[in-house]
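*Asks:* Chains as they are written, first to last, in our numbering: chain F, 6 to 140; chain E, 6 to 140.
2 protein chains.
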Amino acid sequence: MEVEILKKKKLRVTPFRKEVLDVFLKNEHAISIQDIEDALVEFDRITLYRTIKSFTNKGVIHEIVMPGDVKKLALCDGVCDHDSGLHEHNHIHFQCRLCSEVYCVEVDELPKIEVPGFTIEEQEIQAKGICAKCS
Amino acid sequence: MEVEILKKKKLRVTPFRKEVLDVFLKNEHAISIQDIEDALVEFDRITLYRTIKSFTNKGVIHEIVMPGDVKKLALCDGVCDHDSGLHEHNHIHFQCRLCSEVYCVEVDELPKIEVPGFTIEEQEIQAKGICAKCS
DNA sequence: AATACAAATGCAACAATATTGCATCTATGG
DNA sequence: CCATAGATGCAATATTGTTGCATTTGTATT
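In structure tokens form, the structure reads like this:
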């Protein structure tokens, strides 16, 4: 599983990368760098940061920053494959007011915003409320 | 101007706070903490951080984090008045791909997203494209 | 299977960003 | 004008992220 994901994105397969990827695969919600550190038994912090950067650049994961919260990371759907900026997501980022977890939620269609004078090329939606589990 | 804003939000009026508020009033786009530091002649960095925190808590300003960019700050419309989380904005956050500036753009109506199982209470939209000036 | 080489790792040092404690000062309501 | 809660300034420290460099490892190629 981890191997296929890495190979598909042309990333070299190493034990450490598989471990990091495992942490993402074991969580259905977005995780913080601290969460990853807690899940790993022994690791080098610098290598972790570089791994995260590689994963982000190749579209394996993407960053999510909810207002007032630490940066979180989540697996991409498989369509992301560029080096910076917003990714082509068909999902919104949702944070639950009760459990504080951040989820990437699939939506059929994102509404198109129109703003006079501005050309909108990409957009992302961040929402807060109550998640399915806490309802 | 600065005094009214501060008093309305029940914040004590000090020379430093007026200076910081001035920096916001002089920019029509969101600014980084670095931008504020550059605009001030002599200041205490810790006091600046605390001022920003007070302003944010009282809804004078709000944080904007665009993917891959540093945190930026912008004045609130006047409707924000709570201590954390998303604010009740009627605008979207827009970053220009060319000049990199971040703008809060007023929109008549934000589209409502529906997600089965999730109760969405607040939402924020982040967009990228070309701004009015760079068009 | 051996090899060559680009890429990843691990360590040290450091840079940027943000917070806490505490003593002092000041804006504001009475 | 005074009392005092809140703001400031300084020192120390925490958190988060980066860079350089020597060494190791994964992968494609022979």
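Glycine included, C-beta positions come from ideal geometry on N, C-alpha and C.
Closer than 8 angstroms by C-beta to F/V8: which residues in its own chain qualify, once you throw out the five before and the five after it? Chain order, please.
*Replies:* Same-chain partners within the cutoff: V18, K23.
*Asks:* In this structure, how does DSSP classify E/T19 when only helix, strand and coil are distinguished?
*Replies:* In this structure, E/T19 counts as coil in the three-state DSSP scheme.
*Asks:* Given that E/S140 touches chain F, what residues does it touch there, using C-beta distances under 9 angstroms?
*Replies:* Near E/S140 (Cβ distances below 9 angstroms), the residues of chain F are G122, F123, T124.
*Asks:* Is it right to say E/M71 is buried, meaning 16 or more other beta carbons lie within 10 angstroms of its own, or is it exposed?
*Replies:* Buried: at least 16 other Cβ atoms inside 10 Å.
*Asks:* Going by DSSP, what residues sit across from F/F168 in a beta bridge?
*Replies:* Any question about residue 168 of chain F goes unanswered here, given that chain F covers just 6 to 140.
*Asks:* Am I right that E/I38 and F/A132 are in contact with their C-beta atoms under 8 angstroms? What's the rounded C-beta distance?
*Replies:* With 8 angstroms as the limit, E/I38 and F/A132 do not qualify as a contact, their Cβ atoms being about 27 angstroms apart.
*Asks:* Suppose the cutoff is 7 angstroms on Cβ atoms and the five residues either side in sequence are ignored; what does the same chain contact list for F/T52 look like?
*Replies:* F21, listed in sequence order.
*Asks:* Along chain F, in chain order, which residues have C-beta atoms closer than 8 angstroms to that of E/G134?
*Replies:* Within chain F, the residues near E/G134 are F123, T124, I125, E126, E127.
*Asks:* Can you name the start and end residues of the beta strand (DSSP E) that E/I69 belongs to?
*Replies:* Run containing E/I69: 66 to 70, per the beta strand (DSSP E) assignment.
*Asks:* Does any residue of chain F have a CB that is nearer than 7 angstroms to the CB of E/P72?
*Replies:* Output row for E/P72: interface = yes.
*Asks:* Does E/Q131 have its Cβ less than 7 angstroms from a Cβ in chain F?
*Replies:* Yes, E/Q131 counts as interfacial toward chain F.
*Asks:* Excluding the 5 residues flanking E/C81 on each side, which residues of the same chain have their C-beta closer than 7 angstroms to its C-beta?
*Replies:* Around E/C81: G64, V65, I66, H67, H92.
*Asks:* What does the alpha-carbon distance come out to for the pair F/Q128 and E/D27?
*Replies:* Approximately 31 angstroms between the Cα atoms of the pair.
*Asks:* Hey, is F/D43 close to the ligand GTP, as in C-beta under 6 angstroms from one of its heavy atoms?
*Replies:* What this structure holds is no ligand at all, so the ligand GTP is not there to describe.
*Asks:* Taking 7 angstroms as the limit between beta carbons, can you name the residues of its chain near F/H34, skipping five residues before and five after?
*Replies:* Here the set comprises E106, V107, Y108.
*Asks:* Residues in the same chain with beta-carbon distance under 8 angstroms from F/H96, minus the five sequence neighbours each way, listed in chain order, please.
*Replies:* Within the same chain, F/H96 has close Cβ partners D82, C109, V110, E111, V112.
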